[in-house]
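*Asks:* In the order they appear, the protein sequences are chains G and S.
Position in the first sequence counted from 1, then plus 43, gives you the working numbering.
Position in the second sequence counted from 1, then plus 77, gives you the working numbering.
We put the CB at the ideal spot given by N, CA and C, even for glycine.
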Amino acid sequence: MSEAILCRDVTKQYKMGDVVVDALRGVSFEVQNGEYVAIMGPSGSGKSTLMNLLGCLDRPTTGSYILDGIDVSTLDDNELAAIRLKRLGFVFQGFNLLARRSAVQNVALPLFYAGVPTRARLEAARRRLAEVGLAERADHRPNELSGGQQQRVAIARALVNDPAVILADEPTGNLDSQTSEELMGLFAELNRNGRTIIMVTHDADVARHARRTIRLKDGLVVADETQGED
Amino acid sequence: MIGQFFAEAFGVLNGNRARSLLTILGLIIGVAAVIAIQILGHAMSGAVGGLLGSLNDRSFILFPNARQADIGKAAFRIDDIERARNVVPNVAVAMPAGGTQRIISFAHAHPRMTISADSDVSFVDVPLVYGRNIDAQDVASASPVAVLSDSANRRLFSSIDSVGENIRIGEHRFVVVGVRSKPIQGIIPITFGGDVFIPYTTYERFYVRSSPLLFARFVVTDPSRIGETEVGIVNYFKALKSSRSDYATFDRKSFTSTMDGVFGAMTLVVALIGAVSLVVAGIGIMNIMLVSVTERTREIGVRKAIGATRAQVLAQFFIEALLLSSIGCGIGLVIGLAIGAIINRFVLIALSGVIAPIPWVQSVLIAVIFATIVTLVFGTYPAYRAARLDPIEALRYE
């Protein structure tokens with residue numbers, strides 16, 4: 044198996060006024076293609092910072108980050124945007140759908156930035172919605188959908204560009220436990236179909252669905268354990 | 078790709094229709110007002126041009142300058158006018174001007190009308206409906222012949238062909254030789270001429286006698302040199318009065334330039350209104366765009382997270398501003414054209430009888446320039462703010 048993600052001695056410092064905060068203090072790990080990894084840690088452990096770096100929303104202060112064979116730690120803003128567009132799919136805690144657009148329009152949005160023509164865009168978006176079991180709800184707006192359905196739309200949006208890695212940030216944080224379970228089932232299915240998934244969570248029940256858990260504390264990796272199949 | 082950005086921006090604006098409409102309301106009103114006023118000005122200058130159509134460019138009027146103590150002393154006698162024609166070059170006809178009111182009799186009609194002096198080289202260009210104009214023979218022999226205006230012919234003869242009829246003007250008998258058509262009436266009520274036109278020589282003999290005159294009409298041979306002829310005439314009369322009196326002249330060109338001044342001032346006012354409404358509408362749009370950027374911070378964060386570049390976010394907000402101002406200016410253009418056309422049709426054309434064409438090109442140009450300026454000046458900053466947002470901060474924004 045090839046590496047989807049390769050982090051080497053990644054550090055991140057923030058300047059808060061005169062104070063320098065070490066959010067990450069040398070994190071190294073690898074994620075193979077097709078893996079399903081949970082990143083856990085208490086607040087302040089640096090998991091959000093790590094997520095931002097993995098998501099190419101930010102650059103490490105030192106160290107290198109290789110995503111899908113590309114060293115992204117030295118890319119400029121536009122190149123990072125291109126990486127996010129082509130190789131990453133985001134799933135957020137708050138779903139972050141555009142409220143005034145239908146589900147299918149939301150899913151099609153990344154393809155808009157990729158320059159795909161409207162018709163092809165909407166066709167692809169409908170296929171992705173069918174994949175997450177929402178074909179019938181394609182023309183509904185987010186406020187006409189339940190939380191679980193909204194998160195499925197968000198997952199369809201993350202999948203639409205066929206990314207190398209799916210990054211999910213507390214994807215079940217706003218959902219009840221039954222809906223969370225259903226969503227975890229969807230993630231597991233996507234993973235079985237070969238998707239690489241990295242999920243940040245502080246919920247051990249959720250993390251249990253992943254096959255590997257990386258634990259962070261004070262900006263360092265304190266544990267990296269692989270569990271057996273469920 | 079650009080087309081898709083327009084579709085995307087339209088989707089955003091259409092999703093919040095009420096706010097989009099309120100945003101562009103100022104622009105609609107501003108553009109509509111400027112275009113309507115502009116059409117009005119255009120139609121008015123057309124109406125004035127139509128009015129002046131009856132005053133030809135070969136003639137001018139001489140009169141004492143109003144800025145002198147005793148205008149009565151500046152009055153001139155009839156033989157002074159005659160002499161001026163021989164002394165000043167380029168003068169074909171010199172005659173007293175200003176009508177005199179007389180009772181005109183035909184059958185049982187006795188209306189009071191204005192009698193004006195005219196010559197074979199006419200002071201006004203109004204076509205005839207019947208008969209002929211005064212000719213050189215009439216002037217030379219001071220014949221008792223009359224050309225009637227359309228309104229005089231209507232009152233005396235109920236508009237029928239009255240050529241050859243005898244009428245009485247005061248105690249003198251005249252033969253009608255011609256009838257003029259209805260002159261174009263401008264919105265400014267100045268009529269050049271009266272009801273009945275007779276040879277100026279006849280006019281002098283019957284009605285002027287030795288009374289002092291305050292107005293004289295001159296017809297020049299070469300209209301291109303009318304300016305210097307006017308100066309020559311004014312100087313002649315000043316010399317005659319040993320420079321104690323001053324005179325002024327009035328011709329088509331001076332009237333036109335006066336009106337041009339009036340319309341120039343009006344255009345300036347319109348331009349100022351335009352500039353003010355442009356700024357007000359632009360600030361309105363910028364304000365809404367800035368609010369929109371703040372309100373949609375999370376959305377911008379999402380768009381950036383899923384791969385939108387700075388340039389793409391900039392383009393999106395810029396095109397939203399462009400669409401807003403274009404739609405606003407487009408609606409304003411339509412409303413302005415409608416208002417202008419209605420005023421033109423039902424007020425100005427009705428008043429003046431002159432059909433001034435709607436200045437389409439100018440109107441569209443105004444709307445396009447408005448839209449461009451508003452977009453560039455007031456759409457750029459909000460778009461820049463949106464593009465500059467850090468995706469991490471933006472995603473965290475509540």
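(1) Three-state secondary structure (DSSP) at F138(G)?
(2) Sort A151(S), A95(S), A398(S), A388(S) by Cα distance to S320(S) and report the nearest one.
(3) G271(S) and I158(S): beta carbons closer than 8 Å?
(4) For S107(G), which beta-bridge partners are listed by DSSP?
(5) Which residues in chain G have a C-beta closer than 7 Å to the C-beta of E376(S)? List them in chain order.
(6) Is H245(G) near M83(G), with beta carbons less than 8 Å apart?
(7) Using a 10 Å radius around the Cβ and a threshold of 16 neighbouring Cβ atoms, would you call R144(G) buried or exposed?
(8) Taking a cut of 8 Å between CB atoms, which residues from the region 89 to 112 of chain G lie near chain S?
(9) By DSSP's criteria, M59(G) is part of a beta bridge. Which residues make up the other side?
(10) Name the chain G residues whose beta carbon is nearer than 8 Å to that of N421(S)?
(11) Measure the Cβ-Cβ separation of A358(S) and L139(S) and say whether it is below 8 Å.
(12) Comparing the C-beta of R144(G) with each C-beta of chain S, is any distance below 8 Å?
(13) Does T222(G) come within less than 8 Å of chain S when only Cβ atoms are used?
(14) For a contact meaning CB atoms closer than 8 Å, what does N121(G) contact in chain S?
(15) Going by C-alpha to C-alpha distance, which of M59(G), D111(G), V134(G), V53(G) sits closest to D101(G)?
(16) Taking DSSP's pairing of strands, which residues face M363(S) in a bridge?
(17) For Y277(S), count the other beta carbons within 10 Å of its own beta carbon; 16 or more makes it buried, fewer makes it exposed. Which is it?
(18) Considering only the alpha carbon of each residue, which of V445(S), S196(S), R387(S), F394(S) lies closest to R373(S)?
(19) How many whole angstroms separate the CB atoms of R200(G) and A181(G), which I take to be in contact at a CB cut-off of 8 Å?
(20) Do T256(G) and V74(G) have their beta-carbon atoms positioned less than 8 Å apart in this structure?
(21) For N210(S), count the other beta carbons within 10 Å of its own beta carbon; 16 or more makes it buried, fewer makes it exposed. Which is it?
(22) Along chain G, in chain order, which residues have C-beta atoms closer than 8 Å to that of E397(S)?
(23) Can you list, in chain order, the stretches of the beta strand (DSSP E) that have 3 or more residues and sit fully within the region 131 to 176 of chain S?
(24) Does the region 92 to 102 of chain S come close enough to the region 329 to 336 of chain S to have 3 or more Cβ pairs within less than 8 Å?
(25) Quick one, are the C-beta atoms of L233(S) and F183(S) less than 8 Å apart?
(26) Can you tell which of G247(S), D134(S), P468(S), I180(S) has its C-alpha closest to the C-alpha of E376(S)?
(27) In this structure, how does DSSP classify E305(S) when only helix, strand and coil are distinguished?
(28) If you compare alpha carbons, which of A348(S), I244(S), D156(S), V168(S) is closest to L290(S)?
(29) Which class does P276(S) belong to by DSSP, given the choice of helix, strand or coil?
(30) Taking only the alpha-carbon atoms, compute the straight-line gap between I106(S) and G409(S) and give it to the nearest angstrom.
(31) I'd like to check one pair, Q221(G) with F138(G): are the Cβ atoms closer than 8 Å?
(32) Quick one: what's got a C-beta closer than 6 Å to A186(S)'s C-beta in the same chain, skipping five residues either side?
(33) Please list the segments of the beta strand (DSSP E) lying wholly inside the region 208 to 273 of chain G, counting only runs of 3 or more residues, in order along the chain.
(34) Which one of G89(G), R130(G), F135(G) has the shortest CA to CA distance from I109(G)?
(35) On the premise that I383(S) lies in contact with F133(G), defined as a C-beta separation below 8 Å, what is that separation, rounded to the nearest angstrom?
(36) Please determine if the region 335 to 350 of chain S and the region 108 to 117 of chain S are in contact, where contact requires at least 3 C-beta pairs separated by less than 8 Å.
*Replies:* In short:
(1) Walking along the first sequence from the start, residue 138(G) turns up at place 95. Here F138(G) sits in coil by DSSP.
(2) By 1-based counting over the second sequence, the position of residue 320(S) is 243. Cα-wise, what sits closest to S320(S) is A151(S).
(3) Translated into the one-based positions of the second sequence, residue 271(S) becomes position 194. Translated into the one-based positions of the second sequence, residue 158(S) becomes position 81. Not closer than 8 Å, so no.
(4) Locating residue 107(G) in the first sequence gives position 64, where the first residue counts as 1. S107(G) is bridged to R51(G).
(5) Within the second sequence, residue 376(S) is the residue found at index 299, counting from 1. Under the 7 Å cutoff, chain G gives L141.
(6) The residue labelled residue 245(G) in the question sits at position 202 within the first sequence. The residue labelled residue 83(G) in the question sits at position 40 within the first sequence. Contact: yes.
(7) As a working note, residue 144(G) is residue 101 in the first sequence. Its Cβ being crowded by 16 or more others within 10 Å, R144(G) is buried.
(8) N95, G98, L100, D101
(9) By one-based count along the first sequence, residue 59(G) stands at place 16. DSSP lists V62(G) as partners of M59(G).
(10) Within the second sequence, numbered from 1, the residue matching residue 421(S) stands at position 344. Neighbours of N421(S) on chain G: none; closest Cβ ~42 Å, over 8 Å.
(11) Translated into positions along the second sequence, residue 358(S) becomes position 281. Translated into positions along the second sequence, residue 139(S) becomes position 62. The answer is no: Cβ separation not under 8 Å.
(12) In the first sequence, the residue the question calls residue 144(G) occupies position 101. At least one chain S Cβ lies under 8 Å of R144(G).
(13) Residue mapping note: residue 222(G) aligns to position 179 of the first sequence, counting from 1. No - not a single Cβ of chain S is within 8 Å of the one on T222(G).
(14) Translated into positions along the first sequence, residue 121(G) becomes position 78. Ordered by position in chain S, the residues that pass the 8 Å Cβ test against N121(G) are T386, R387, A388.
(15) Sequence index remark: in the first sequence, residue 101(G) carries index 58 (1-based). Comparing Cα positions, the closest option is V53(G).
(16) To locate residue 363(S), count along the second sequence from 1; it is residue 286. Bridge partners of M363(S): none, in fact.
(17) Here the question's residue 277(S) lines up with position 200 in the second sequence. Buried, since its Cβ has 16 or more Cβ neighbours within 10 Å.
(18) Counted from its first residue, the second sequence places residue 373(S) at position 296. Looking from the CA of R373(S), the closest CA among V445(S), S196(S), R387(S), F394(S) belongs to F394(S).
(19) Along the first sequence, read from residue 1 onward, the residue named residue 200(G) stands at position 157. Along the first sequence, read from residue 1 onward, the residue named residue 181(G) stands at position 138. Going by Cβ atoms, the distance from R200(G) to A181(G) rounds to 12 Å, so no, they are not a contact pair.
(20) Translated into the one-based positions of the first sequence, residue 74(G) becomes position 31. Translated into the one-based positions of the first sequence, residue 256(G) becomes position 213. Result no, Cβ atoms of V74(G) and T256(G) do not sit closer than 8 Å.
(21) One-based indexing of the second sequence puts residue 210(S) at position 133. Its Cβ being crowded by 16 or more others within 10 Å, N210(S) is buried.
(22) In the second sequence, counting from the first residue as 1, residue 397(S) sits at position 320. Residues of chain G passing the Cβ test: none, with the nearest at roughly 13 Å.
(23) 136 to 141, 168 to 173
(24) Taking a contact to require three or more Cβ pairs closer than 8 Å, the region 92 to 102 of chain S and the region 329 to 336 of chain S do not qualify as touching.
(25) One-based indexing of the second sequence puts residue 233(S) at position 156. One-based indexing of the second sequence puts residue 183(S) at position 106. Contact flag set, yes.
(26) Position 299 of the second sequence, counted from the start, is the residue given in the question as residue 376(S). Among G247(S), D134(S), P468(S), I180(S), the Cα nearest to that of E376(S) belongs to P468(S).
(27) The sequence position of residue 305(S) within the second sequence is 228, counting from 1. Three-state DSSP puts E305(S) in a helix.
(28) Here residue 290(S) corresponds to residue number 213 of the second sequence, with the count starting at 1. If we check each option's Cα against that of L290(S), D156(S) comes out closest.
(29) For the purposes of this step, residue 276(S) is taken as the residue at position 199 of the second sequence. P276(S): strand per DSSP, three-state reduction.
(30) Residue 106(S) sits at position 29 when you count from the first residue of the second sequence. Residue 409(S) sits at position 332 when you count from the first residue of the second sequence. Roughly 6 Å separates the two Cα atoms.
(31) The residue given as residue 138(G) occupies position 95 in the first sequence. The residue given as residue 221(G) occupies position 178 in the first sequence. Contact flag unset, no.
(32) As a working note, residue 186(S) is residue 109 in the second sequence. Hits under 6 Å: L233.
(33) 208 to 212, 239 to 243, 255 to 260, 263 to 269
(34) In the first sequence, counting from the first residue as 1, residue 109(G) sits at position 66. Checking every option, the nearest Cα to that of I109(G) belongs to R130(G).
(35) As a position in the first sequence, residue 133(G) is number 90, starting the count at 1. As a position in the second sequence, residue 383(S) is number 306, starting the count at 1. Indeed, because the Cβ distance is near 6 Å, the residues count as touching under 8 Å.
(36) yes
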